[in-house]
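Chains as they are written, first to last, in my numbering: chain A, 1106 to 1492; chain W, 1106 to 1492.
Below: the structure, in structure tokens.
2 protein chains.
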Amino acid sequence: MAIDYKKELEAAAKSMILVHEPDVLIRMVVRMIVQKVEVKHAGILLHQKEQDTYILTVSRGTAGLKIPAGFARIDADNALILFFKEHKDKELFDDGMLVLEEAKKLLEKDISAQLKELLEQALYQMEIFESVACIPSYFRDELLAILILGSKENGEKFAQDELDFFAALASDVAMAIRNAQLFTELELELDKKQKLFIHTTIALSAAIDAKDHYTRGHTARVTNLSLEIAKRFLQKNKKELDIKFLEDVNIAGLLHDIGKIGIPESILNKQGPLNEEEKKCMHEHTLIGVTILQPIRELDQAILGVKYHHERYDGAGYPEGLKGEQIPLIALIISAADAFDAMITDRPYRRALSKKEAMEEIKRGSGGQFDPEVASLLLELYQEGRI
Amino acid sequence: MAIDYKKELEAAAKSMILVHEPDVLIRMVVRMIVQKVEVKHAGILLHQKEQDTYILTVSRGTAGLKIPAGFARIDADNALILFFKEHKDKELFDDGMLVLEEAKKLLEKDISAQLKELLEQALYQMEIFESVACIPSYFRDELLAILILGSKENGEKFAQDELDFFAALASDVAMAIRNAQLFTELELELDKKQKLFIHTTIALSAAIDAKDHYTRGHTARVTNLSLEIAKRFLQKNKKELDIKFLEDVNIAGLLHDIGKIGIPESILNKQGPLNEEEKKCMHEHTLIGVTILQPIRELDQAILGVKYHHERYDGAGYPEGLKGEQIPLIALIISAADAFDAMITDRPYRRALSKKEAMEEIKRGSGGQFDPEVASLLLELYQEGRI
């Protein structure tokens, strides 16, 4: 047996550990075996825990094996699976594998009717797969995978040292696959949690939105517009896609008016302009928002957007009267998106502006109410028809 | 070189892939090397990406090596690290390792002053570690770890095949460690996301709580009490600790009154009892809560708690007048916790009951307003002084 492909396969099996996609991994292995070992085809039957079935991934060599439709997935009670489950302690064959020729010899010996039937059925399954050798791999008590080998291109039998090598390879691969599966599960879990968090925040912010009759849908629109501006900002400044920044903008957008929950309905829904005292009360919503979110340390950046989204570039805003670069970028972005959306929706005391009119206001406010860079990004998005 | 420990170490290195705690893994490896190979001591310098330093984990053999304090962590600009970073292409030594004797020979040859200085400093570092051979392992371009070997107990030199074996082992271990690190990172991320979700839900539910002046802190208390009842229920029914159920109870507790955000303040904070029409309006909070949370598919179980927490065991509750076992367990639990907490706090139209008095009410309501099993669990918790 040529030693060269062994080394290559061993090295490949090792590097597999850090491939965390089970499908990619299996295709890599079977393709390698077919190419290097020159077998007609090779496949891996991989256990799918949830459904308790085994799925076949196969690599066709030059022979072009055709797996009958419906056989790409076999159940846990298939004879081939049962055979390896019931005979994992290697009492039948020294190496624990099922090699067609040896198995046929065993059938002629004095074995129980039950074993005979199981073995015959297992060999029938191997014939369907056109396989001459099947090599199981276990992890703890679980039959994790079966490596299915077609015959060699040159017609020779597999030598024992070749089979031993495949057994070692199969266990490496099984380990790598299990590892990849664990990784994938964890990633799915993470994705679910992230979605749950965002969806819950969306639902609760929408509910608070609904309190304020004049701003229905306002929160969602401000959030989307803020995200557009933020992405454009990152592009312009040739920064990498900063996922964390975009996440913060998303959350800050969703929660920027959360403090309105602390404002009396009589002020929130007042028909007509607010008097000075009512205005003062309304302005409190920024700091009420901060009070609500303060305990959540992970939101420290998003909170800056909530706190300062009514500051003005010229320093005439609230709550602190910050000026220009003192105002965090996230707040400058939400401020512009918030003001633009307010302009284009009806309010108790005035009708909505058209987008064109609102954009004129934004331009006029550049360097006054609005950060000039953010205002110009907003204008760009408008001119491109993106808003 | 005895082949037996090779096999053992190889098998161990493989099974390492599924050990996902880097610290445990490293301790396993160095302890094994010291025991099986009979070296005086062995250690691994592992790269810490965030700080860009290398941390030493060492296993003392019989010789009891003492690493000077302060040397358990070395910086990325340490000569030993620099040497392996700058000479990873094996142009100096065939095998890419640093073996004390060979390196000393090299020093006597005609090499550049710069290399000479670096090598001398690296060897000095090896002397501090009392190491006779250092074996690097890389992952892609990163120097991931250095395996540090003391001399053999029997005083003999390492044979080349032993060193080759260690090189293969070091690369297995490096791979396993990198894999474990990735896993740990992902798990931390997941934990952070879960906390972020829960903390945000707590903050927002507390904010809604605060709208209803008479129930300040109510949400948190109901949630905690519901969790106590749920845990006790699982114990009593000899069920395994059902994390998913407890998570659902936690969320349902936090959000059970979320629908109150849709109830006018005039009704929510009315001094004195509500009239029929106001009551009808107030009752809507259960279905408003459902409307808010409905889009979040992951919350389907928690939503049952929100929807039905005002149903009564005898069928006289709302919104659907469900009876007995028709009412989901999660709602029965929140209902009892909610009623108990309402009794022991002042309301606009009556003063608070003592816990003892409230418990009498719960007993009286068992089989009427309350599920008998849940009522008896609540009583048990009270008698044990847990509430």
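Here a beta-carbon is modelled for each residue, glycine too, at the ideal position from N, C-alpha and C.
This structure is a prediction, so every number in the text was calculated from the model and none was measured.
Original post:
By the criterion of Cβ-Cβ separation under 8 angstroms, what are the contact partners of Arg-1283 of chain A in chain W?
Top reply: The residue given as residue 1283 of chain A occupies position 178 in the first sequence. Near Arg-1283 of chain A (Cβ distances below 8 angstroms), the residues of chain W are Leu-1123.
**OP:** Counting only the same chain and skipping the five closest in sequence on each side, list residues whose C-beta sits under 6 angstroms from that of His-1125 of chain W.
**Re:** Here the question's residue 1125 of chain W lines up with position 20 in the second sequence. Only Ala-1285, Phe-1288 meet the Cβ criterion.
**OP:** Compare the Cα-Cα distances from Asp-1069 of chain A to each of A:Thr-1328, A:Phe-1302, A:Leu-1254 and report the closest residue.
**Re:** For chain A, the structure presents residues 1106 to 1492; residue 1069 of chain A sits outside this window and is missing.
**OP:** In the DSSP assignment, find the alpha helix (DSSP H) that holds Ile-1397 of chain A and state where it starts and stops.
**Re:** Looking up residue 1397 of chain A in the first sequence gives position 292. Element bounds for Ile-1397 of chain A: 1390 to 1398.
Subject >> For Gln-1153 of chain A, three-class secondary structure by DSSP >> reply: Along the first sequence, read from residue 1 onward, the residue named residue 1153 of chain A stands at position 48. The answer is strand: DSSP assigns Gln-1153 of chain A an E or B state.
**OP:** Measure from the C-beta of Gly-1201 of chain A to each C-beta in chain B and report whether the shortest distance is under 8 angstroms.
**Re:** Looking at the structure shown, chain B is missing, and the protein chains on hand are A and W.
Subject >> Pick from A:Ile-1449, A:Ala-1335, A:His-1414 that is closest to Glu-1485 of chain A, judged by C-alpha positions >> reply: Numbered from 1 along the first sequence, position 380 holds the residue referred to as residue 1485 of chain A. If we check each option's Cα against that of Glu-1485 of chain A, A:Ala-1335 comes out closest.
Subject >> Near-chain A residues of the stretch 1351 to 1385 of chain W - C-beta to any C-beta below 9 angstroms >> reply: Ile-1356, Leu-1360, Ile-1363, Gly-1364, Ile-1366, Gly-1367, Pro-1369, Glu-1370, Ser-1371
**OP:** Could you please give the first and the last residue of the uninterrupted alpha helix (DSSP H) stretch that includes Ala-1285 of chain W?
**Re:** Residue numbering aside, residue 1285 of chain W sits at position 180 when the second sequence is read from its first letter. It spans 1265 to 1316 - the alpha helix (DSSP H) in which Ala-1285 of chain W sits, taken as one unbroken run.
Subject >> Helix, strand or coil at Phe-1234 of chain A according to DSSP, with G and I counted as helix >> reply: Here residue 1234 of chain A refers to the residue found at position 129 when the first sequence is read from its first residue. Coil.
**OP:** Give the secondary structure of Pro-1241 of chain W by DSSP, where H, G and I count as helix, E and B as strand, and everything else as coil.
**Re:** Position 136 of the second sequence holds residue 1241 of chain W. In the structure shown, Pro-1241 of chain W sits in a strand (DSSP, three-state: E or B).
Subject >> Contact with chain A by Leu-1301 of chain W, beta-carbon distance below 8 angstroms >> reply: Start at 1 with the first residue of the second sequence, and residue 1301 of chain W comes out as number 196. Yes, contact with chain A.
**OP:** Anything in chain W within Cβ reach of Lys-1316 of chain A, meaning under 7 angstroms, just list it in chain order.
**Re:** Your numbering for residue 1316 of chain A matches position 211 in the first sequence. Within chain W, the residues near Lys-1316 of chain A are Ile-1366.
Original post:
Taking DSSP as the reference, what is the three-state secondary structure of Asp-1180 of chain A?
Top reply: Numbered from 1 along the first sequence, position 75 holds the residue referred to as residue 1180 of chain A. Here Asp-1180 of chain A sits in strand by DSSP.
Original post:
Where does Arg-1402 of chain W sit, in a helix, a strand or coil, going by DSSP?
Top reply: As a working mapping, residue 1402 of chain W is identified with position 297 in the second sequence. The answer is helix: DSSP assigns Arg-1402 of chain W an H, G or I state.
Subject >> Residue closest to Arg-1136 of chain A, alpha-carbon to alpha-carbon, out of A:Glu-1381, A:Ile-1438, A:Ile-1253 >> reply: Reading the first sequence from its first residue, position 31 is the one you call residue 1136 of chain A. For the residues A:Glu-1381, A:Ile-1438, A:Ile-1253, the minimum Cα distance to Arg-1136 of chain A belongs to A:Ile-1253.
Subject >> Anticipated Cβ contact below 8 angstroms, Ala-1457 of chain W with Gly-1470 of chain W, distance rounded >> reply: If you number the second sequence from 1, residue 1457 of chain W lands on position 352. If you number the second sequence from 1, residue 1470 of chain W lands on position 365. Actually they do not touch by this definition, with Cβ atoms about 17 angstroms apart.
Original post:
Is it right to say Phe-1302 of chain A is buried, meaning 16 or more other beta carbons lie within 10 angstroms of its own, or is it exposed?
Top reply: The residue you call residue 1302 of chain A lines up with position 197 of the first sequence. Its Cβ being crowded by 16 or more others within 10 Å, Phe-1302 of chain A is buried.
**OP:** With Leu-1483 of chain A as the anchor, note down where its alpha helix (DSSP H) starts and where it stops.
**Re:** Position 378 of the first sequence, counted from the first residue, corresponds to residue 1483 of chain A. Unbroken alpha helix (DSSP H) run through Leu-1483 of chain A: 1477 to 1488.
**OP:** State whether the stretch 1374 to 1388 of chain A contacts the stretch 1397 to 1404 of chain A, with contact taken as three or more CB pairs (one from each stretch) at a distance under 8 angstroms.
**Re:** no
Subject >> Own chain residues within Cβ distance below 8 angstroms of Glu-1383 of chain W, not counting five before or after >> reply: Numbered from 1 along the second sequence, position 278 holds the residue referred to as residue 1383 of chain W. Within the same chain, Glu-1383 of chain W has close Cβ partners Ile-1372, Lys-1375.
Original post:
According to the neighbour-count rule (16 or more other Cβ atoms, all chains shown, within 10 Å of its Cβ), is Ser-1242 of chain A buried or exposed?
Top reply: Translated into positions along the first sequence, residue 1242 of chain A becomes position 137. Under this definition Ser-1242 of chain A is a buried residue.
Original post:
How close, in whole Å, do the beta carbons of Ala-1181 of chain A and Gly-1255 of chain A come, if the pair is a contact with beta carbons under 8 angstroms?
Top reply: The count along the first sequence starts at 1 and reaches residue 1181 of chain A at position 76. The count along the first sequence starts at 1 and reaches residue 1255 of chain A at position 150. Going by Cβ atoms, the distance from Ala-1181 of chain A to Gly-1255 of chain A rounds to 24 angstroms, so no, they are not a contact pair.
**OP:** Could you tell me the distance, in whole angstroms, from the CA atom of Gly-1420 of chain A to the CA atom of Phe-1475 of chain A?
**Re:** Along the first sequence, read from residue 1 onward, the residue named residue 1420 of chain A stands at position 315. Along the first sequence, read from residue 1 onward, the residue named residue 1475 of chain A stands at position 370. Computed Cα separation, rounded: 10 angstroms.
**OP:** With DSSP collapsed to three states, give me the class of Gly-1429 of chain W.
**Re:** On the second sequence, position 324 is the one that residue 1429 of chain W refers to. Helix, per DSSP.
Original post:
How should Asp-1446 of chain A be labelled, buried or exposed, when 16 other C-beta atoms within 10 angstroms of its C-beta is the threshold for buried?
Top reply: As a first step, residue 1446 of chain A must be located in the first sequence, where it is residue number 341. Asp-1446 of chain A should be labelled buried.
**OP:** Would you check if the distance between the CB atom of Asp-1353 of chain W and the CB atom of Ala-1407 of chain W is smaller than 8 angstroms?
**Re:** Indexing the second sequence from 1 puts residue 1353 of chain W at position 248. Indexing the second sequence from 1 puts residue 1407 of chain W at position 302. In this structure, Ala-1407 of chain W lies closer than 8 angstroms to Asp-1353 of chain W by Cβ.
Subject >> Candidates A:Lys-1112, A:Ile-1356, A:Leu-1482, of which the one nearest Gly-1410 of chain A by Cα >> reply: Counted from its first residue, the first sequence places residue 1410 of chain A at position 305. Comparing Cα-Cα distances from Gly-1410 of chain A to each of A:Lys-1112, A:Ile-1356, A:Leu-1482, the minimum goes to A:Ile-1356.
Original post:
In angstroms, rounded to a whole number, what distance separates the CA positions of Glu-1290 of chain W and Tyr-1229 of chain A?
Top reply: In the second sequence, the residue the question calls residue 1290 of chain W occupies position 185. In the first sequence, the residue the question calls residue 1229 of chain A occupies position 124. Roughly 46 angstroms separates the two Cα atoms.
**OP:** Apply the 10 Å Cβ neighbour rule to Leu-1482 of chain W and answer buried if 16 or more other Cβ atoms are within range, or exposed otherwise.
**Re:** On the second sequence, position 377 is the one that residue 1482 of chain W refers to. Buried, by the Cβ-count rule.
**OP:** Please look up how many angstroms separate the CB atoms of Leu-1330 of chain W and Ala-1442 of chain W, rounded, as I've assumed it's under 8 angstroms.
**Re:** Position 225 of the second sequence, counted from the start, is the residue given in the question as residue 1330 of chain W. Position 337 of the second sequence, counted from the start, is the residue given in the question as residue 1442 of chain W. Indeed they touch by this definition, with Cβ atoms about 4 angstroms apart.
Subject >> Proximity test, Cβ basis, 8 angstroms: Pro-1400 of chain A and chain W >> reply: For the purposes of this step, residue 1400 of chain A is taken as the residue at position 295 of the first sequence. Taking Cβ atoms only, chain W reaches closer than 8 angstroms to Pro-1400 of chain A, which makes this a yes.
Subject >> Contacts that Leu-1295 of chain W makes with chain A (C-beta to C-beta distance below 8 angstroms) >> reply: Position 190 of the second sequence, counted from the start, is the residue given in the question as residue 1295 of chain W. For Leu-1295 of chain W, the residues of chain A that pass the 8 angstroms Cβ criterion are Leu-1291, Glu-1294, Leu-1295, Lys-1298, in the order they occur in the chain.
**OP:** Would you grab the beta carbon distance between Gln-1226 of chain W and Ala-1184 of chain W for me? Rounded to a whole angstrom, and I think it's under 8 angstroms.
**Re:** If you number the second sequence from 1, residue 1226 of chain W lands on position 121. If you number the second sequence from 1, residue 1184 of chain W lands on position 79. So it is a contact: roughly 3 angstroms between Cβ atoms.
Subject >> Under 8 angstroms between C-beta atoms of His-1390 of chain W and Tyr-1423 of chain W >> reply: Position 285 of the second sequence, counted from the first residue, corresponds to residue 1390 of chain W. Position 318 of the second sequence, counted from the first residue, corresponds to residue 1423 of chain W. No, these two residues do not count as a Cβ contact at 8 angstroms.
Original post:
So what's Ser-1371 of chain A in DSSP terms, helix, strand or just coil?
Top reply: Counting from one through the first sequence, the residue named residue 1371 of chain A turns up at place 266. Here Ser-1371 of chain A sits in helix by DSSP.
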